[in-house]
Amino acid sequence: MRVKAKLYPKEAARLLQEKPSVRASVTGATLHFERNRLRAYGEIDAEAWRERARRIKDHVLTHLDHYLELAEKRLRENGVQVHWAEGPEEAHRLLREVVARHGVKRAVKAKSMLTEELGVNPLLESLGVEVYETDLGEYLIQLLGEPPSHIVGPAIHLSLPEIQRLFHDRFGTPLDAAPEALAQVARGVLREAFLTAELGISGANFLVAETGTLAVMENEGNIRLSTSLPRVHVAFVGIEKLLPRFQDLALFLPLTARAATGQRLATFVSLIQGSAQPGEEGPEEVHVVLVDHGRTALLADPEAWEVLRCVRCGACLNACPVYRQTGGHPYGYVYSGPIGAVLDPGLLGLEEAHPLPHASTLCGACQEACPVKIPIPKLLLAWRHRAVEQGLAPTWEKGAMRAFAQVMGSPALYRLFSKALRGLPLPQALQDHLPLLRAWTEGRGPLKPSPRPFHELWREIKEETHGG
Ligand code: SF4
Numbered sequence: 000m001r002v003k004a005k006l007y008p009k010e011a012a013r014l015l016q017e018k019p020s021v022r023a024s025v026t027g028a029t030l031h032f033e034r035n036r037l038r039a040y041g042e043i044d045a046e047a048w049r050e051r052a053r054r055i056k057d058h059v060l061t062h063l064d065h066y067l068e069l070a071e072k073r074l075r076e077n078g079v080q081v082h083w084a085e086g087p088e089e090a091h092r093l094l095r096e097v098v099a100r101h102g103v104k105r106a107v108k109a110k111s112m113l114t115e116e117l118g119v120n121p122l123l124e125s126l127g128v129e130v131y132e133t134d135l136g137e138y139l140i141q142l143l144g145e146p147p148s149h150i151v152g153p154a155i156h157l158s159l160p161e162i163q164r165l166f167h168d169r170f171g172t173p174l175d176a177a178p179e180a181l182a183q184v185a186r187g188v189l190r191e192a193f194l195t196a197e198l199g200i201s202g203a204n205f206l207v208a209e210t211g212t213l214a215v216m217e218n219e220g221n222i223r224l225s226t227s228l229p230r231v232h233v234a235f236v237g238i239e240k241l242l243p244r245f246q247d248l249a250l251f252l253p254l255t256a257r258a259a260t261g262q263r264l265a266t267f268v269s270l271i272q273g274s275a276q277p278g279e280e281g282p283e284e285v286h287v288v289l290v291d292h293g294r295t296a297l298l299a300d301p302e303a304w305e306v307l308r309c310v311r312c313g314a315c316l317n318a319c320p321v322y323r324q325t326g327g328h329p330y331g332y333v334y335s336g337p338i339g340a341v342l343d344p345g346l347l348g349l350e351e352a353h354p355l356p357h358a359s360t361l362c363g364a365c366q367e368a369c370p371v372k373i374p375i376p377k378l379l380l381a382w383r384h385r386a387v388e389q390g391l392a393p394t395w396e397k398g399a400m401r402a403f404a405q406v407m408g409s410p411a412l413y414r415l416f417s418k419a420l421r422g423l424p425l426p427q428a429l430q431d432h433l434p435l436l437r438a439w440t441e442g443r444g445p446l447k448p449s450p451r452p453f454h455e456l457w458r459e460i461k462e463e464t465h466g467g
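This is the structure:
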């Protein structure tokens, strides 16, 4: 996909202006997910589960070399062909080989953010392969030619009338067709694709090092069909997706489902252990591509590495009041919302993604939702700090912050300014006369300054307390 993370502020403003329906669709869907997550966390000792998950992830990340070698060994013992890809180039080379060797004309794909990173669809299409996204939401956005708007619900920005219009134009269904009827049409198209595709492509939620098992979670059954019906299955797995032991799945599968959709477990969980054995049904050839694409560099970054604990559940997106306004498209890269704001600068470089860490109120809701306790606000501040150090902050902001620091550093200046500001009619005057502050004041009710500043009240309380 074309990276446009640098344009985030403009793109977000444009979307809010031109497509206000997106805000309603995304808010509705994310609040629904969020309510379900809160209920599902409430059924368990969520703090203990999350802490355990954090520890396991930290352990695997701090011993990644060991677990990667173990996973490779076990995968090979299971008859899986293992490949290493530093980035898209190696991944594309492998796909070219598979397509040529098996005469692939059609491929079915399970939803995978990593394949978005690697540009798998454009590569296959350039080779003349017909690619079908088989997750219903992914299929919709593929028909529209759009990137995903959410990690778990790629089409949550679309309203029902928009989907009805899309199917009407594509398949001639009535404009008021019920969602079930639309799903039936998609199912017909995709069933045909599953039965005729030579190649199935997936990601993986987890790769167990101890057994070389790929674990994939889903609710539609499309991943199971994509990975079992075609002759060849290629799975792209980020190197951070490892779990040490098979028993760790007993924690991560239900915890991730609870965080993502509020389910106790995903409807389908597939544990893939290699190609079909004699007498079994399944792919003749299974490839696992272990992908770095910037992850090793992130792991070596003492301020940013914790982001690699991410299990891509999307809970932080659902909890984020900023993401909820626009959905994922304005973020301009594969990952959006709070996880995008801390992962994209690491994967793309700060130069490309420096506005994203500012797409947050620092309210901390993302951190509370995260099943692996990634300290997202801390990471956001670290990236913001770096952006300033690297001269990527706007000049006006630098000037304003310097002035603010001076005022806050001098009690006399602070008193003078707070007295002066209390006399100003806020925020209307600021809105009208200082356009730079509009982004802060627009949409807020009028401020009612306290008649006396806090430090005066505080001194009084202290005197009264001591006097008493
Ligand atoms: S950062 Fe946490 S909440 Fe957000 S997608 Fe990753 S694991 Fe889920």
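For the record, in the sequence shown the residue sitting at position 161 is 160 according to numbering that gives the first Met the number 0, with numbers rising by one throughout. We put the beta carbon where it would ideally sit given N, CA and C, even for glycine.
In its own chain, which residues sit with a C-beta less than 6 angstroms from the C-beta of residue i, not counting the 5 before and 5 after it?
i, result
"Gly-202", "Ser-111, Leu-113 and Phe-235"
"Pro-153", "Gly-136, Glu-137, Ile-140 and Pro-147"
"Gln-272", "Asn-77 and Thr-212"
"Tyr-131", "Val-107 and Ala-192"
"Leu-224", "Phe-193"
"Leu-174", "Gln-163 and His-167"
Does the beta carbon of residue i fall short of 7 angstroms from some heavy atom of the ligand SF4?
i, result
"Pro-277", "no"
"Arg-311", "yes"
"Pro-452", "no"
"Cys-369", "yes"
"Ala-258", "yes"
"Cys-315", "yes"
"Ile-150", "yes"
"Ile-140", "no"
"Ile-222", "no"
"Ile-238", "no"
"Ile-375", "yes"
Report all residues from its chain with a CB closer than 7 angstroms to the CB of residue i; omit the five preceding and five following residues, and keep chain order.
i, result
"Pro-370", "Arg-49, Ala-52, Leu-254, Thr-255, Ala-258, Val-310, Cys-312 and Ala-314"
"Ala-185", "Leu-135 and Tyr-138"
"Leu-355", "Ala-4, Tyr-7, Tyr-330, Gly-339, Ala-340, Asp-343 and Pro-344"
"Glu-76", "Gly-211"
"Arg-169", "Leu-142"
"His-91", "Leu-122"
"Tyr-40", "Arg-257"
"Gly-293", "Gly-345 and Leu-346"
Taking all protein chains shown into account, do 16 or more other C-beta atoms lie within 10 angstroms of the C-beta of residue i, making it buried, or fewer, making it exposed?
i, result
"Phe-453", "exposed"
"Gln-246", "exposed"
"His-65", "exposed"
"Gln-141", "buried"
"Cys-362", "exposed"
"Met-400", "exposed"
"His-465", "exposed"
"Gly-398", "exposed"
"His-156", "buried"
"Lys-74", "A small fix is needed here, since residue 74 is Leu in this sequence, not Lys. By the neighbour-count rule (16 or more Cβ atoms within 10 Å), Leu-74 is buried."
"His-384", "exposed"
"Gln-366", "buried"
"Trp-457", "exposed"
"Phe-403", "exposed"
"Lys-461", "exposed"
"Thr-360", "exposed"
"Glu-302", "exposed"
"Pro-19", "exposed"
"Thr-522", "This structure leaves residue 522 out entirely; the chain is present only between 0 and 467."
"Leu-159", "exposed"
Assuming the contact rule is C-beta atoms closer than 8 angstroms, residue i and residue j should be a hit. Round their C-beta distance to whole Å, please.
i, j, result
"Leu-241", "Ala-70", "6 angstroms"
"Gly-473", "Pro-282", "One cannot answer for residue 473 here, as it falls past the ends of the chain, which runs 0 to 467."
"Pro-229", "Val-107", "6 angstroms"
"Glu-116", "Val-333", "5 angstroms"
"Pro-374", "Glu-305", "6 angstroms"
Can you check whether the CB of residue j is closer than 8 angstroms to the CB of residue i?
i, j, result
"Arg-323", "Val-79", "no"
"Phe-267", "Asn-204", "no"
"Leu-316", "Thr-133", "no"
"Pro-243", "Val-59", "yes"
"Leu-248", "Val-207", "yes"
"Val-231", "Glu-279", "no"
"Ala-237", "Val-290", "Rather than Ala, the amino acid found at residue 237 in this sequence is Gly. Taking 8 angstroms as the Cβ cut-off, Gly-237 and Val-290 qualify as a contacting pair."
"Ala-318", "Ala-368", "yes"
"Ile-222", "Val-215", "yes"
"Arg-353", "Ala-381", "According to the sequence provided, residue 353 is His. The question's Arg does not apply to it. No; because the gap between Cβ atoms is not below 8 angstroms, this pair is not in contact."
"Thr-325", "Phe-32", "no"
"His-82", "Glu-197", "no"
"Arg-494", "Val-128", "As displayed, the chain neither begins before 0 nor continues past 467, which places residue 494 out of reach and without an answer."
"Gly-327", "His-149", "yes"
"Thr-226", "Ser-269", "yes"
"Val-2", "Glu-351", "yes"
I want to check one thing, is the minimum distance from the CB of residue i to the heavy atoms of the ligand COA below 7 angstroms?
i, result
"Pro-337", "The model on display carries the ligand SF4 but not the ligand COA."
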